[in-house]
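J.:
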Amino acid sequence: MTSAAEEWVPRRNVLWGSFNGLAYVPRLPPTAYTLLLHMMTEQEPGGLVVATHDELAAGLAMERGMISRAMPHLVAARLVTVVRRGRFQLHPMIAAFNDPREQQRAVKALPRDMRLDVGDFEDEYERRFQLHLEEKARKAEAKAKGNVTPINKTTRLKRVH
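Per the working numbering, residue 122 is the first one in the sequence shown, and the count goes up by one each step.
(1) Can you tell me which of Pro193, Phe250 and Leu211 puts its alpha carbon nearest to the alpha carbon of Leu169?
(2) Pop quiz: Pro232 and His194 are said to be a contact at Cβ under 8 Å. What is the actual Cβ separation, rounded to whole angstroms?
(3) Name the residue from Ala182, Met183, Thr202 and Asn141 whose alpha carbon lies nearest to the alpha carbon of Val171.
(4) Check whether the stretch 137 to 157 and the stretch 233 to 243 touch, using three or more Cβ-Cβ pairs below 8 Å as the test.
(5) Would DSSP call Arg206 helix, strand or coil?
(6) Determine contact between the stretch 148 to 162 and the stretch 210 to 229, defined as no fewer than three beta-carbon pairs at a distance below 8 Å.
(7) Would you kindly work out how many angstroms separate the C-alpha atoms of Val228 and Glu255, rounded to a whole number?
(8) Is it buried or exposed, Arg199, if we count other Cβ atoms within 10 angstroms and call 16 or more buried?
(9) Pull up the distance between the alpha-carbon of Asp244 and that of Lys257, whole angstroms please.
(10) Please go through the same chain and pick out, in chain order, the residues whose beta-carbon is closer than 7 Å to the beta-carbon of Ile188, but skip the five residues on each side of it.
(11) Check for me: the alpha helix (DSSP H) holding Val146 runs from which residue to which?
(12) In three-state DSSP terms, what is Leu237?
(13) When DSSP labels each residue in this structure, what does Leu200 get in the three-state scheme?
(14) Within a Cβ cutoff of 7 Å, which residues of the same chain sit near Leu90, ignoring the five residues on either side of it in sequence?
(15) Tell me which residues share the same chain as Phe242 and place their Cβ nearer than 7 Å to its Cβ, disregarding the 5 neighbours each side in the sequence.
(16) Report back the beta-carbon spacing between Gln224 and Gly138 to the nearest angstrom; my notes put them in contact at under 8 Å.
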């Protein structure tokens, strides 16, 4: 006879992290905090999160659009870097590692201006997020003027016999 505790198996190895970097997190919208904490639970050693916006939304019982609106806040705060579609990197100061030495090496390798504890993190976040909003507005204006080629442009395929 086995007990429930004996049948329970963790889904991955326990990771180590010093999350002192969270002390340097600016005031973010609640959805961004929720997303950050969810990503921290889904990370691989070293802070890599492999999940699409749809998968993150499903894990949080949210709509995909909420994830898309929250992610720029995390990027502007330098807490998350978008590696490519479906791959995100948590900042080393908040990422979990296999042992403390790995995190210490990752944090020491950071350029000084990328550390969360250097400078005014609130001002830096607000500046970066404002740049994001301006870029978004610029793209919307260009699209409205017709200066942007739509991605869904159909191409003619040659018939193969």
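Think of the CB as a built atom: it goes at the ideal place given N, C-alpha and C, for glycine as much as any other residue.
T.: In short:
(1) What you label residue 169 is simply residue 48 of the sequence shown in a count that begins at 1. With distances taken between CA atoms, Leu169 lies nearest to Leu211 out of Pro193, Phe250 and Leu211.
(2) Residue 232 sits at position 111 when you count from the first residue of the sequence shown. Residue 194 sits at position 73 when you count from the first residue of the sequence shown. Cβ-Cβ separation between Pro232 and His194: approximately 22 Å, too far for a contact (criterion under 8 Å).
(3) Looking up residue 171 in the sequence shown gives position 50. Closest option to Val171, Cα to Cα, is Thr202.
(4) yes
(5) Taking the sequence shown and counting its residues from 1, one reaches residue 206 at position 85. It is coil, neither helix nor strand.
(6) yes
(7) Working through the sequence shown from its first residue, we reach residue 228 at position 107. Working through the sequence shown from its first residue, we reach residue 255 at position 134. Between the alpha carbons of Val228 and Glu255 lies a gap of roughly 31 Å.
(8) Along the sequence shown, one-based indexing puts residue 199 at 78. Buried, by the Cβ-count rule.
(9) Here residue 244 corresponds to residue number 123 of the sequence shown, with the count starting at 1. Here residue 257 corresponds to residue number 136 of the sequence shown, with the count starting at 1. Approximately 20 Å, taken between the alpha carbons.
(10) Position 67 of the sequence shown holds residue 188. By the criterion of a C-beta distance shorter than 7 Å, Ile188 is surrounded in its chain by Leu156, His174, Leu177 and Ala178, once the five residues flanking it on both sides are discounted.
(11) In the sequence shown, residue 146 corresponds to position 25, counting from 1. Segment: none, Val146 is in no alpha helix (DSSP H) and carries neither H nor E.
(12) Taking the sequence shown and counting its residues from 1, the one referred to as residue 237 is at position 116. Note: Leu237 maps to coil in three-state DSSP.
(13) Here residue 200 is taken as the residue at index 79 of the sequence shown, counted from 1. Looking at Leu200 - three-state DSSP - the assignment turns out to be coil, as it is neither helix nor strand.
(14) Nothing in the structure corresponds to residue 90, since the chain is present only between 122 and 282.
(15) Here residue 242 corresponds to residue number 121 of the sequence shown, with the count starting at 1. The answer, listed in chain order, is Tyr145 and Pro147.
(16) Locating residue 224 in the sequence shown gives position 103, where the first residue counts as 1. Locating residue 138 in the sequence shown gives position 17, where the first residue counts as 1. About 7 Å; that satisfies the 8 Å criterion.
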